[in-house]
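Residue numbers (this note's numbering), protein chains in the order written: chain S, 1 to 233; chain D, 1 to 233. Cβ atoms here follow ideal geometry from the backbone N, Cα and C, with glycine treated the same way. None of these values were measured; they are calculated from a predicted model. So the structure is just underneath, and the comments pick up after that.
2 protein chains.
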Amino acid sequence: MTLTDTNSWTGIREVLLRRIHDRIWQPGEQIPHEADLAEEFGCARTTVNRALRDLADSGLVVRKRKAGTRVAVNPPQRATLTIPIIREEVESIGGSYRHSVLERDLRPLPAMLHGAFQVSLGEDVLFLKTLHFSNERPYAFEERYINLEAAPAARDLSFKEVSANEWLVHNAPYSHGDLSFFAVNADDKLSGKLDAATGTALFAMERITWAGDLPITHVRLIFAPGYRMRTEI
Amino acid sequence: MTLTDTNSWTGIREVLLRRIHDRIWQPGEQIPHEADLAEEFGCARTTVNRALRDLADSGLVVRKRKAGTRVAVNPPQRATLTIPIIREEVESIGGSYRHSVLERDLRPLPAMLHGAFQVSLGEDVLFLKTLHFSNERPYAFEERYINLEAAPAARDLSFKEVSANEWLVHNAPYSHGDLSFFAVNADDKLSGKLDAATGTALFAMERITWAGDLPITHVRLIFAPGYRMRTEI
DNA sequence: CAGTGGTCTAGACCACGAG
DNA sequence: TCGTGGTCTAGACCACTGC
């Protein structure tokens, strides 16, 4: 039998978890106060607080001042996705990375993005089309708009050596962003670039990042066939 | 000008964040010790610790005992996805939810899953095909295997009233799982079910959950065209 | 070995929000 | 209003790991 150290916050978390799993505390039911639990475990309230805060972060319990802590009725699955820069992703699975800039020009922001990506009216943005390779096979196709107000230095860069992806991470840190995942069919152009039959379902990701109120970049990545985004929960 | 409260851990986190964004602390550079920062901010080390721990959780700094805290060189994007049960997802966007069980039988586990989903040899698993609707329009198609050793009560349930999705959340809590996302083409069967032209790219999710060593369920969800999984970072 | 983060404690005050 | 969680403090000991 495994003994759990009930003097560590992780140990206490395990015990609480087991009580929830074993239905000793029913979904929706209020569990004892921090103070009572601290007494039960013979530890400081801070320690119980840490354990409960962790359970709340993962969605298993719901905490409210005055109302106490309740076991979540429908614990949502929370999964943390780690999205590395593509070079690191490729290299981490043992591939050799290369990228190729297919297009690069200044242009007005397409109307489609006016709502989500508010740059100053009339300002051009830097547009890039890039193909990423793993072991010389297409890995992902990227279309990107860069707001030159947020990253003026990008105007003079070709992004042939360092990908825009990587350069922006280092030179235009964002404060927040929107991220979405979806599926697209390979059209004729994509099909040639990604070495996929026309019509093949491809996994895609779209991302907008801001530094405060200033939009930095909008990027759409479309991955070669077979790509899976994985995580553990 | 906005003043930041440097006596709260969130306030301290903001200040540290700004120093990283403003390159006062360069990527890869070691930042001051907790004790020094605590002195600078005139607060307890615990408070600085909380702020730094939070930055480390989000991947912006890397902390090591003895080696100190460094600004991450390639801060990975971490995104937390919240995956609710489908009924709640549908209802949260104002739809009325319904589901329909298309198939339900006991069968041996398909060979394809033998590696990932280790049930006792020769034991049958419960197989379910379900279609989820939002406002009477197809929302997602589900294929699910349930390990009856982990959830024996499932053997006697039709899952016509409560979906397997929801029942399992309430009755077979998992301790951990694998989750992946990918894209598939609608085949003829899917196309009819999801009201999508054959070949349409569809967003799909696959999930296996365990309770300790015991596999609980394997589920593949394929969403109707246009589905996006969104999150903020 | 010794510096650094990780954690625990006992106590305190505060903010929120249910009743 | 007042119970409950949220947070802060000052101090302590410990665990890891680079040197």
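Within the model, the alpha-carbon separation for residue 182 (chain S) versus residue 228 (chain D) is close to 5 angstroms. Within the stretch 112–141 of chain D, the complete beta strand (DSSP E) segments at least 3 residues long are 124–134, listed from N- to C-terminus. Between the alpha carbons of residue 124 (chain D) and residue 155 (chain D) lies a gap of roughly 10 angstroms. Here the alpha carbons of residue 78 (chain S) and residue 83 (chain D) stand approximately 6 angstroms from one another. Per DSSP, residue 181 (chain D) is one residue of the beta strand (DSSP E) stretching across 176–185.
Around the beta-carbon of residue 110 (chain S), fewer than 16 other beta-carbon atoms lie within 10 Å, marking it exposed. Residue 108 (chain S) has S:124 as its beta-bridge partners, per DSSP. Each of S:14, S:153, S:136 and S:148 was checked against the Cα of residue 194 (chain S), and the nearest Cα belongs to S:136. Only 74, 75, 76, 77, 78, 79, 80, 81, 82, 83, 84, 85 and 88 from the stretch 74–107 of chain S bring a Cβ to less than 8 angstroms from some Cβ of chain D. Between the stretch 44–63 of chain D and the stretch 15–23 of chain D, the count of Cβ pairs shorter than 8 angstroms is three or higher; the stretches touch. Residues are counted here when their Cβ sits less than 9 angstroms from a Cβ of chain D; for the stretch 172–186 of chain S these are 173, 174, 175, 176, 177, 178, 179, 180, 181, 182, 183, 184, 185 and 186, given in chain order.
Listed along chain D is no residue with a C-beta nearer than 9 angstroms to that of residue 28 (chain S); the closest approach is about 10 angstroms.
A straight line joining the alpha-carbon of residue 98 (chain D) with that of residue 57 (chain S) spans about 30 angstroms. Close to residue 117 (chain D), with beta-carbon spacing below 8 angstroms, lies no residue of chain S; the smallest spacing is near 15 angstroms. Between the stretch 146–166 of chain D and the stretch 62–79 of chain D, the count of C-beta pairs closer than 8 angstroms stays below three; the two stretches do not touch. If you compare the alpha carbons of S:177, S:196, S:230 and S:190 with that of residue 218 (chain S), the shortest gap goes to S:177. Burial is judged here by how many other beta carbons sit within 10 angstroms of a residue's own beta carbon; residue 10 (chain D) has fewer than 16 and is exposed.
Look at residue 201 (chain S): its C-beta is under 7 angstroms from a C-beta on chain D. With fewer than 16 other CB atoms across the displayed protein chains lying within 10 angstroms of its CB, residue 112 (chain S) is exposed. Judged by DSSP secondary structure, residue 48 (chain D) falls within the alpha helix (DSSP H) whose first and last residues are 45–57.
Within a 10 Å sphere around the beta-carbon of residue 142 (chain D) sit 16 or more other beta-carbons, which makes this residue buried.
Within the same chain, 72, 75, 76 and 78 come within 7 angstroms of residue 59 (chain S) by CB-CB distance, once the 5 residues on both sides are set aside. The three-state secondary structure of residue 231 (chain S), taken from DSSP, is strand.
Between residue 202 (chain S) and the set S:114, S:220 and S:64, the nearest pair of CA atoms involves S:220. Contacts with chain D (Cβ-Cβ distance below 8 angstroms) from the stretch 157–173 of chain S involve 166, 169, 170 and 173, listed in chain order. Going by C-alpha positions, residue 140 (chain S) is about 5 angstroms away from residue 132 (chain S).
Assignment of residue 23 (chain S) by DSSP, reduced to helix, strand and coil, places it in the coil class. When secondary structure is reduced to three states using DSSP, residue 215 (chain S) falls in the strand class. It is roughly 6 angstroms from the alpha-carbon of residue 55 (chain D) to the alpha-carbon of residue 61 (chain D). Here the alpha carbon of residue 29 (chain S) sits roughly 47 angstroms from the alpha carbon of residue 168 (chain S).
Collapsing the DSSP output to three states places residue 29 (chain S) in coil. The three-state secondary structure of residue 70 (chain D), taken from DSSP, is strand.
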